[in-house]
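Number of protein chains: 2
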Amino acid sequence: MAVFSSLTPVFVAVLCVIIGFLFKNSQRRQTRSKQERSDQTARPWVDEDLQDDTEIKEEEDDWLDTTEEENLPHIPYTPAQYSLMNLRRSVRFISPEPVPKEVIDNVIRTAGTAPSGAHTEPWTFVVVSDADVKHKIREIIEEEEEINYKQRMGDKWVHDLKKLRTNWVKEYLDVAPYLILVFKQTYGVLPSGKKKTHYYNEISVTISCGILLAALQNVGLVTVTTTPLNCGPQLRSLLQRPANEKLLMLLPVGYPASDAEVPDLKRKDLNDIMVTV
Amino acid sequence: MAVFSSLTPVFVAVLCVIIGFLFKNSQRRQTRSKQERSDQTARPWVDEDLQDDTEIKEEEDDWLDTTEEENLPHIPYTPAQYSLMNLRRSVRFISPEPVPKEVIDNVIRTAGTAPSGAHTEPWTFVVVSDADVKHKIREIIEEEEEINYKQRMGDKWVHDLKKLRTNWVKEYLDVAPYLILVFKQTYGVLPSGKKKTHYYNEISVTISCGILLAALQNVGLVTVTTTPLNCGPQLRSLLQRPANEKLLMLLPVGYPASDAEVPDLKRKDLNDIMVTV
Chain A
0 MAVFSSLTPV
10 FVAVLCVIIG
20 FLFKNSQRRQ
30 TRSKQERSDQ
40 TARPWVDEDL
50 QDDTEIKEEE
60 DDWLDTTEEE
70 NLPHIPYTPA
80 QYSLMNLRRS
90 VRFISPEPVP
100 KEVIDNVIRT
110 AGTAPSGAHT
120 EPWTFVVVSD
130 ADVKHKIREI
140 IEEEEEINYK
150 QRMGDKWVHD
160 LKKLRTNWVK
170 EYLDVAPYLI
180 LVFKQTYGVL
190 PSGKKKTHYY
200 NEISVTISCG
210 ILLAALQNVG
220 LVTVTTTPLN
230 CGPQLRSLLQ
240 RPANEKLLML
250 LPVGYPASDA
260 EVPDLKRKDL
270 NDIMVTV
Chain B
0 MAVFSSLTPV
10 FVAVLCVIIG
20 FLFKNSQRRQ
30 TRSKQERSDQ
40 TARPWVDEDL
50 QDDTEIKEEE
60 DDWLDTTEEE
70 NLPHIPYTPA
80 QYSLMNLRRS
90 VRFISPEPVP
100 KEVIDNVIRT
110 AGTAPSGAHT
120 EPWTFVVVSD
130 ADVKHKIREI
140 IEEEEEINYK
150 QRMGDKWVHD
160 LKKLRTNWVK
170 EYLDVAPYLI
180 LVFKQTYGVL
190 PSGKKKTHYY
200 NEISVTISCG
210 ILLAALQNVG
220 LVTVTTTPLN
230 CGPQLRSLLQ
240 RPANEKLLML
250 LPVGYPASDA
260 EVPDLKRKDL
270 NDIMVTV
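From first to last, the protein sequence lines are chains A and B. Using numbering that gives the first Met the number 0, read the first sequence as starting at 0 and increasing by one per residue. Using numbering that gives the first Met the number 0, read the second sequence as starting at 0 and increasing by one per residue.
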């Protein structure tokens, strides 16, 4: 008891230090938010409710060099949707990488939401993935395209296309995982066998192609919009389409090849395409 | 010193209690996560790092009636982009509510990202917001449309449109904050004055209209795709468009009227519009 008595003041002092330390530790939150509140005017971005382990020390004021921030140049905000569509380009170098069929299904469904004359929905999307059929399509098209480039199109047209570096060789027809051949139904056939008028069928199907292109861009796929001259009847025959269907355009679809290139073309400014009244 | 000595055991005991309490308080986090870890098998969704004030008590196990969860029916996931576009309808009841011009600018910019024959970009978008001009447009169109409905279109066409409840009265032409008249440039004019060929100008401009419709849907605006028969030359004259421009379509644009209605039409299934080869 004597030893105990003489050590008591030391013991008590040590205990008080421990108590004080633990007390301060558990009270740190209240202390911090008081400090935060007093700092509110100096650092308005600090969330008053912020109660994680962030320690705001006075010396951290230096981490943000305020002169840099004041000198940052400002640029206009670019709207998202326009930016996405402005990245869309016709791409002729398509990867053979497979694309899940469900993705194509949804792109076609989206194209099918287009408006149409008297709601006739006069479109047929033929989606070809069979390698043999794709090759037959390529043979038909390259044969006609060679005649087009060498004879039918004329010097002027060939000249106007030079910047796009196109010719009659269409490798993407073999390589792309899907070829979408868009047919317009020039008239419908009712169950009775009678003809059904398809008002504005070409405009309707073409509008749906625009929506299809937007959908492809949204899912990260690429294509090039082609209208193979003089190939319609042969392709319709190959794909066994009925007499009322006429080929409108052919879209090879897939991911872009890793080394895909596009001509460095510019698009017109808004003021060159829009008139305000 | 005597008093002090006799109180010492009590004092020490009290101090130990205080220390113990504060220690437990500041150590609560480690305790909780130990408890959490032991609960991991029972409640696998509890984030091991979760260190907020959530108190997980044993009696809370009852809050989720597991039989309900097992019995929830499952439905297919609907893809976002298709769903958005599937909501697009032609809307003839447009609110007079103003639309910021910047929104229209971006929609037009987006339409201008369409592909075009030999990159000729053969489109002019005339955006009319002036009330007098809109009214003149309405007069021209209604006059021609009345003749269309009563004479030119014929009984069959009028009959086929009945389900859409349309006639020659086009109130939206006055009401909609903007009328977008889309002109195709049938040929271009070079600085030299020479003509520039616009290959596939009608298809190109129509594709851009499809992209325009998708853009409108993306920003929550509505329209109806109209091709006013026989009004082209008069409208071109009213809007002082040059001879190489021909009216392709007219789109009244705005927010939908609060009581807007659409015919309850259904769209074809994927299998009715797509053929897989």
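Positions of the beta carbon are idealized from the N, C-alpha and C atoms, including for glycine.
- Counting every other CB atom within 10 Å of its CB across the protein chains shown gives residue 91 of chain B a total of 16 or more, marking it as buried.
- DSSP places residue 195 of chain B inside the beta strand (DSSP E), whose first and last residues are 194-196.
- At a Cβ-Cβ threshold of 9 Å, residue 98 of chain B and residue 177 of chain B count as neighbours.
- Neighbourhood of residue 141 of chain A in chain B, by CB distance below 8 Å: empty, with the nearest CB roughly 19 Å away.
- A straight-line Cα-Cα distance of about 15 Å links residue 196 of chain A and residue 161 of chain B.
- Below 8 Å, too few C-beta pairs join the segment 198-214 of chain A and the segment 9-20 of chain B to call them touching: fewer than three.
- In this structure residue 219 of chain B is exposed. Its beta-carbon is surrounded by fewer than 16 other beta-carbon atoms within 10 angstroms.
- Counting the other CB atoms within 10 Å of its CB gives residue 21 of chain B a total of 16 or more, which places it among the buried residues.
- Residue contact check for residue 233 of chain A against chain B: no CB pair falls below 9 Å.
- For residue 250 of chain B, DSSP records a beta bridge to B:179.
- Contacts between residue 80 of chain A and chain B, judged by CB atoms closer than 8 Å, involve 105, 109, 214, 217 and 218 in chain order.
- For residue 123 of chain B, the uninterrupted beta strand (DSSP E) segment begins and ends at 122-127.
- Restricting attention to B:175, B:230, B:263 and B:80, the CA atom closest to the CA of residue 130 of chain B is found in B:175.
- For residue 117 of chain A, the C-beta contacts it makes with chain B under 9 Å involve 156, 159, 160, 162 and 163, in order along the chain.
- Here the segment 231-242 of chain B makes no contact with the segment 103-115 of chain A; the two share fewer than three CB pairs at distances below 8 Å.
- Per DSSP, the beta bridge partners of residue 186 of chain A are A:196.
- Legend: CB atoms of the segment 84-95 of chain A lying less than 7 Å from CB atoms of chain B belong to residues 84, 85, 87 and 89.
- Looking at the DSSP output, residue 273 of chain B bridges to A:124.
- Membership of residue 74 of chain B in any alpha helix (DSSP H) is not indicated, and neither H nor E is assigned to it by DSSP.
- Counting along the chain, residue 82 of chain A sits inside the alpha helix (DSSP H) bounded by residues 79-85.
- Residue burial is scored here from C-beta neighbours: residue 169 of chain A has at least 16 other C-beta atoms within 10 angstroms and is therefore classed as buried.
- Just measuring C-alpha positions, the residue of A:166, A:123 and A:117 sitting nearest residue 155 of chain B is A:117.
- In this structure, residue 179 of chain A sits near residue 103 of chain A, with a CB-CB distance shorter than 9 Å.
- If you draw a straight line from the Cα of residue 221 of chain A to the Cα of residue 70 of chain B, it is about 42 Å long.
- Nearest to residue 250 of chain A by alpha-carbon distance, out of A:186, A:193, A:205 and A:157, is A:205.
- Annotation for residue 98 of chain A: no alpha helix (DSSP H) segment contains it, and DSSP assigns it neither H nor E.
- In this structure, the alpha-carbon of residue 72 of chain B lies about 30 Å from that of residue 88 of chain B.
- If you ignore the 5 residues before and after residue 173 of chain B, its C-beta comes within less than 7 Å of the C-beta of 133, 134 and 137, all in its own chain and listed in chain order.
- Beta-bridge partners assigned by DSSP to residue 244 of chain A: A:184.
- The beta carbons of residue 216 of chain B and residue 86 of chain B sit closer together than 9 Å.
- In terms of beta-carbon proximity, residue 120 of chain B lines the interface with chain A, with at least one pair separated by less than 9 Å.
- Residue 81 of chain B is classed as buried because its beta carbon has at least 16 other beta carbons within 10 Å across all chains shown.
- Residue nearest to residue 226 of chain B within the set A:79, A:112 and A:202 is A:202 (criterion: CA-CA distance).
- When Cβ-Cβ separations below 9 Å define contact, residue 202 of chain A makes contact with chain B.
- Spatial neighbours of residue 144 of chain A in its own chain (CB-CB distance under 6 Å, excluding positions within 5 residues in sequence) are listed in chain order as 167.
- Residue environment for residue 200 of chain A: buried (at least 16 other C-beta atoms within 10 angstroms of its C-beta).
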